[in-house]
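To start, the structure itself, in structure tokens.
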Amino acid sequence: MKKLKRKELESCLQQVDGFEDPKLLLEQYPTRPHIAACMLYTIHNTFDDIENKMVADLGCGCGVLSIGSAMLGAGLCIGFDIDADALEVFNRNAEEFEVANIDMVQCDVCSLPEEMPKMFDTVIMNPPFGTKHNKGMDMAFLKTALRMARTAVYSLHKTSTRQHIQKKADDWKVKMEVLAELRYDLPASYKFHKKKSVDIEVDFIRFSSEKKTTEGMT
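Per our numbering, the sequence shown runs over residues 213 to 430.
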């Protein structure tokens, strides 16, 4: 399989169609191609957690992280999302990119059973940040991801919540490593946004299961 450079991956991911009518309650903001490529290239090149691995993409939306994982040689990448409209766009994107090592499941990520079998080597996600009507949603996604992953979870979180997340990671006996600090360019997707885009600081974090027990995760 041809090795993709990061810029090539980013260029490909710019062709992924985004949300047609983003839903505020689901915090549907697109993962920008630059950030998606940065995440996936690091996961792949630094940690070897994509190629030939079982990968889950939680809150996958229109599938940019799943498609990028598939292009980097994932054994299988499965996207999970509650929104049928987003999954319809994801399905179209997957067909256009002609990737076969990809699938999707419509479900509420936070309602997946607590006794999840560890079917996935790697979980990647850009979860809701837990703002507005979704307080705590970011941690609910993280808790689910940690139950699903055999090796590691890679996720984006607002830098302002880093101490809170570190405390939770310590409580859950999970190793947490901030791999990069990124500026996340939120486009004006919703009518109430007055500016064309807003930059927020986000951490790209790796949570690993080296010392993890999922007992007592609250």
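Where is the CB? At the ideal position from N, CA and C, for every residue including glycine. Small disclaimer: the values here were computed from a predicted structure and weren't measured.
For residue i, the three-state DSSP class (helix, strand or coil)
i: glutamine 226; result: coil
i: methionine 283; result: helix
i: isoleucine 262; result: coil
i: glutamate 300; result: helix
i: lysine 387; result: strand
i: serine 421; result: coil
i: histidine 321; result: What sits at residue 321 in the sequence shown is valine, not histidine. In the structure shown, valine 321 sits in a helix (DSSP, three-state: H, G or I).
i: valine 276; result: helix
i: phenylalanine 416; result: strand
i: alanine 307; result: For clarity, residue 307 is glutamate in the given sequence; the question names alanine instead. In the structure shown, glutamate 307 sits in a helix (DSSP, three-state: H, G or I).
i: leucine 216; result: coil
First through last residue of the beta strand (DSSP E) which encompasses residue i
i: aspartate 363; result: Inspection of the sequence shows that residue 363 is occupied by threonine rather than by aspartate. Taken as a continuous stretch (DSSP letters only), the beta strand (DSSP E) holding threonine 363 covers 361-370.
i: cysteine 289; result: 288-293
i: threonine 334; result: 332-337
Inter-residue Cα distance where the pair is residue i and residue j
i: tyrosine 402; j: glutamate 307; result: Legend: pLDDT at tyrosine 402 = 45, less than 50; position of this residue unreliable, no value from coordinates given.
i: serine 420; j: valine 335; result: 10 Å
i: methionine 283; j: glycine 291; result: 14 Å
i: leucine 288; j: isoleucine 377; result: 29 Å
i: histidine 246; j: glutamate 300; result: 23 Å
i: phenylalanine 341; j: histidine 369; result: 6 Å
i: asparagine 469; j: aspartate 293; result: There is simply no residue 469 to check, as the chain begins at 213 and stops at 430 in what is shown.
i: histidine 279; j: lysine 379; result: A small fix is needed here, since residue 279 is isoleucine in this sequence, not histidine. When rounded, the distance between both Cα atoms is 32 Å.
i: aspartate 261; j: threonine 363; result: 8 Å
Cβ-heavy atom distance, residue i to the ligand FMN, below 7 Å
i: alanine 312; result: Of the ligands one can find in the structure shown there are none, so the ligand FMN has no counterpart to examine.
First through last residue of the alpha helix (DSSP H) which encompasses residue i
i: asparagine 313; result: Where asparagine 313 is concerned, there is no enclosing alpha helix (DSSP H), given that its DSSP letter is neither H nor E.
i: methionine 251; result: 245-257
> So does the segment 311-323 actually touch the segment 249-266, counting three or more Cβ pairs closer than 8 Å?
Replying inline: no
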